[in-house]
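Protein chains in written order, with the working numbering: chain Y, 7 to 431; chain W, 61 to 422.
Cβ atoms here follow ideal geometry from the backbone N, Cα and C, with glycine treated the same way.
Below: one structure, written as structure tokens.
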């Protein structure tokens, strides 16, 4: 007997294609669902996607200075550096007029940018502008603009100033990213290491990584037994324990951090007890804060709940019978733990680990307060450039690198463990 | 030979308390022979699972000793007892495949790889899951998971297998099928099984002997037929099978039988004297529904009449709920022979053999 399979389109009783009919029926629901999430979507786009996009653009944006000195830069590109020591007369001329007629505020902004490329630009241009304004006022037209400039200030005859233009003449620049990893452009436009005394980012990146890894490991070591207790104690005890775990969440981050300073400083509680017990001498008080140790201790304590909670949520659902079954099958408790219990907690370990690591790598307040000079993390530099030097391009580049690292980690994690293995609650 | 060497598993004067105030198991004495299938049957909280856990080594007896193969085992940790166990929710390890689950007990015993492979395959074939080795437990149906759990408990050739309500999570049809399967596997490999359940039909189907637990005490330990036909107290009579009860007072004791006057002046009943002793004692009479005959005048002693309260047609028989001697939950099973023509509200004449009435405690 032959079975015929109909390939014709399925129709509803009314003769409308089934799929079309289904789509129509679902449309209302889809629309409603979309309208329900729309406010949140809008909120996320405005407060999250757009700022991040803007930040990423800033990290490569160099258009402001190009709008201040468009002609100078155009002429500058014609300069044959091999043939002439100094730029051609046209460059000086364009600069003369752009400084004379330019908007003061815009020039001010551009000066800040120029100073990142080479320190000294700001005062040089400011002085020069004053002189140029005088010349323009008098109504004289210089015979040689080049000579005039050099007469105003001998630095105009120094080609190194001119070379630093190289990194600014394009609308897009990768200088901030290079700066963020202690690199800069040489006079020939090659990427070279910064001066020794200006190298601090690579060191900070490595420290940030090291601290984040250590904090994650310490959190795991400290959090695993606590989470296990939480998941297995009778309810009345585990509730109490849960309050202790959550208590830090309800306390201000600043309060906790300053509490650690009180605890750890040289005249603090811990040193006091150690001296009193005679474990350390009065002169040999331990330096536990305002350095990397302080950062590690305080961050571990502050981030511990983020490890415990995912672990707990995973452990809670592992039936107790599994450990019993493993022992019943002949495994000693340690073996049962290793082969049966631990593998089942991996979703919790990875969720907690990723969470703690992500939070740690961008942590700011705690390292800033207890970190001292050598306990500062990359977040501190971002804040420094954001608030003090106003070098937002570098800020954005540092943030962009941080974001990139996170994305790479996420990708790696997804490759190795699988993101659906994560379990937060 | 002394007693301990005859029984493979021996519970001796076992008491168990969790909080020092309530005894969960009271003075348990139980002997299980090698190769036997013994079921611990009882309502929840009756101490049967605790007893099983003590045997497996996950609970310590508060008093007494358990002997396995004549050796006391209280000091032996669970992982050295060589007792297989099927847990209530199977406790299959979700991160291991079926084959890995089965090889786990063999790996921890450091058995060689080829041997493991062979034993695992044999165990899987025993439960008819030969091709399922590479699947994960979550990819199996409830019945298949059950079989894997069974195979895992047997694969390392334990001395004894414990099963803690292993069929509780299955639907009715599958449960019945698995009952037979477990029974057949037991018959085939001859292993000693201690089975815990609260389902009396499961216990009756599978066991050589059943220990009926209530309130931490074994009420009766016997073969299924004896338990059903000759319950020794009213708990067993009520718990196993369906049971009609009539309350009364013993009026006369005559050897192994007695006469009981029913409460409410409904008359006298001749019954077997089971656990009543003297005249004047209150008693509860137990009669199985299928031992009551209707419309007959064969039996001389116990003739009563009852009003039909409800009739339920069940195909092979009709279940009649009657009001007899003040008990309106009196059930009679009438075989469907096509001749039953009574309606609800009719009076029926009932009679039963005095051998079928058991005078039990109240």
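In the DSSP assignment, find the alpha helix (DSSP H) that holds residue i and state where it starts and stops.
i	result
residue 247(W)	232-249
residue 262(W)	260-266
residue 401(Y)	398-422
residue 309(W)	Looking at the DSSP string, residue 309(W) is not in any alpha helix (DSSP H); the run it does join, the beta strand (DSSP E), is 304-314.
residue 204(W)	202-215
residue 129(Y)	127-144
residue 71(W)	Residue 71(W) -> not in any alpha helix (DSSP H); beta strand (DSSP E) instead, spanning 69-77.
residue 175(W)	173-186
residue 120(Y)	110-123
residue 167(W)	158-167
residue 149(W)	Per DSSP, residue 149(W) belongs to no alpha helix (DSSP H) and is neither H nor E.
residue 254(Y)	241-256
residue 220(Y)	207-238
residue 104(Y)	95-107
residue 330(W)	Unbroken run through residue 330(W) is the beta strand (DSSP E), 328-333; no alpha helix (DSSP H).
Could you please give the first and the last residue of the uninterrupted beta strand (DSSP E) stretch that includes residue i?
i	result
residue 342(W)	342-347
residue 97(W)	97-101
residue 318(W)	317-322
residue 370(W)	362-373
residue 125(W)	123-128
residue 298(Y)	Careful: residue 298(Y) lies outside any beta strand (DSSP E), inside the alpha helix (DSSP H) at 298-322.
residue 410(W)	407-412
residue 120(W)	Segment: none, residue 120(W) is in no beta strand (DSSP E) and carries neither H nor E.
residue 270(W)	269-274
residue 388(W)	387-395
residue 262(Y)	No beta strand (DSSP E) holds residue 262(Y); the alpha helix (DSSP H) holding it covers 259-270.
Below 8 Å on the Cβ atoms is my contact criterion, and I expect residue i with residue j to pass it. Report the Cβ-Cβ distance as a whole number of Å.
i	j	result
residue 214(Y)	residue 384(Y)	5 Å
residue 354(Y)	residue 309(Y)	Not quite, the Cβ-Cβ distance comes to about 15 Å (not below 8 Å), so this is no contact.
residue 510(W)	residue 296(W)	Absent from the structure is residue 510(W), since the part of chain W shown begins at 61 and ends at 422.
residue 92(W)	residue 121(W)	Rounded, the Cβ-Cβ distance is 16 Å, inconsistent with contact.
residue 308(W)	residue 321(W)	5 Å
residue 281(W)	residue 300(W)	Not a contact, Cβ separation roughly 13 Å.
residue 137(Y)	residue 158(Y)	5 Å
residue 193(W)	residue 157(W)	7 Å
residue 294(Y)	residue 276(Y)	7 Å
From this set, the options, which residue's C-alpha is nearest residue i's C-alpha?
i	options	result
residue 222(W)	212(W), 233(W), 239(W) and 255(W)	255(W)
residue 206(Y)	19(Y), 426(Y), 386(Y) and 413(Y)	386(Y)
residue 133(Y)	195(Y), 268(Y), 105(Y) and 245(Y)	105(Y)
residue 300(Y)	395(Y), 110(Y), 82(Y) and 270(Y)	270(Y)
residue 165(Y)	44(Y), 196(Y) and 90(Y)	90(Y)
residue 204(W)	145(W), 218(W) and 226(W)	226(W)
residue 290(W)	333(W), 328(W) and 310(W)	333(W)
residue 195(Y)	34(Y), 379(Y), 87(Y) and 339(Y)	87(Y)
residue 127(Y)	117(Y), 135(Y) and 136(Y)	117(Y)
residue 315(W)	165(W), 338(W) and 322(W)	338(W)
residue 218(Y)	35(Y), 381(Y), 284(Y) and 17(Y)	381(Y)
residue 100(W)	389(W), 347(W), 257(W) and 70(W)	257(W)
residue 304(W)	393(W), 190(W) and 170(W)	393(W)
residue 220(W)	422(W), 366(W), 80(W) and 128(W)	128(W)
residue 380(W)	403(W), 364(W), 274(W) and 233(W)	403(W)
residue 406(W)	375(W), 420(W) and 371(W)	371(W)
residue 245(W)	97(W), 395(W), 375(W) and 388(W)	97(W)
residue 107(Y)	142(Y), 32(Y) and 125(Y)	142(Y)
residue 134(W)	116(W), 385(W) and 400(W)	116(W)
residue 181(W)	148(W), 168(W), 215(W) and 149(W)	215(W)
- Message: Beta carbons nearer than 7 Å to chain W: which residues of the stretch 32-52 of chain Y have them?
- Response: none
- Please list the segments of the beta strand (DSSP E) lying wholly inside the stretch 157-200 of chain Y, counting only runs of 3 or more residues, in order along the chain. 189-191 and 197-199
- the stretch 323-340 of chain Y: positions lying closer than 8 Å to chain W by Cβ: Taking 8 Å as the Cβ-Cβ cut-off against chain W, the residues of the stretch 323-340 of chain Y that qualify are 325, 327, 328, 330, 331, 332, 333, 334, 335, 336, 337, 338 and 339.
- Runs of alpha helix (DSSP H) lying entirely within the stretch 329-385 of chain Y, each at least 4 residues, in chain order: 339-342, 348-367 and 371-376
- Query: Which ranges does the beta strand (DSSP E) cover as unbroken runs of at least 3 residues, wholly within the stretch 17-81 of chain Y, from first to last along the chain?
  - Reply: none
- Item | Interface residues of the stretch 372-391 of chain Y facing chain W [CB-CB below 7 Å] | From the stretch 372-391 of chain Y, no residue has a Cβ closer than 7 Å to chain W.
- Item | Under 7 Å (Cβ pairs) to chain W, residues found in the stretch 208-232 of chain Y | Result list empty, no residue passes.
- Message: Please list, in chain order, the residues of the stretch 346-360 of chain Y that have any C-beta partner in chain W closer than 9 Å.
- Response: 346, 349, 350 and 352
- In the stretch 133-145 of chain W, which residues sit with their C-beta less than 9 Å from some C-beta in chain Y, listed in chain order? 137, 138, 139, 140, 141, 142, 143, 144 and 145
- Give, in chain order, every residue of the stretch 168-182 of chain W whose Cβ lies closer than 8 Å to some Cβ of chain Y. 168 and 169
- Message: At a CB distance below 7 Å, what residues from the stretch 97-119 of chain W approach chain Y? Give them in sequence order.
- Response: 116 and 118
- Task: Closer than 8 Å, Cβ to Cβ, to anything on chain Y: give me those residues from the stretch 216-233 of chain W, in chain order.
- Result: 216
- Task: Could you name the residues of the stretch 185-208 of chain W whose beta carbon sits closer than 9 Å to any beta carbon of chain Y, in the order they occur along the chain?
- Result: Residues of the stretch 185-208 of chain W whose Cβ lies closer than 9 Å to any Cβ of chain Y: none.
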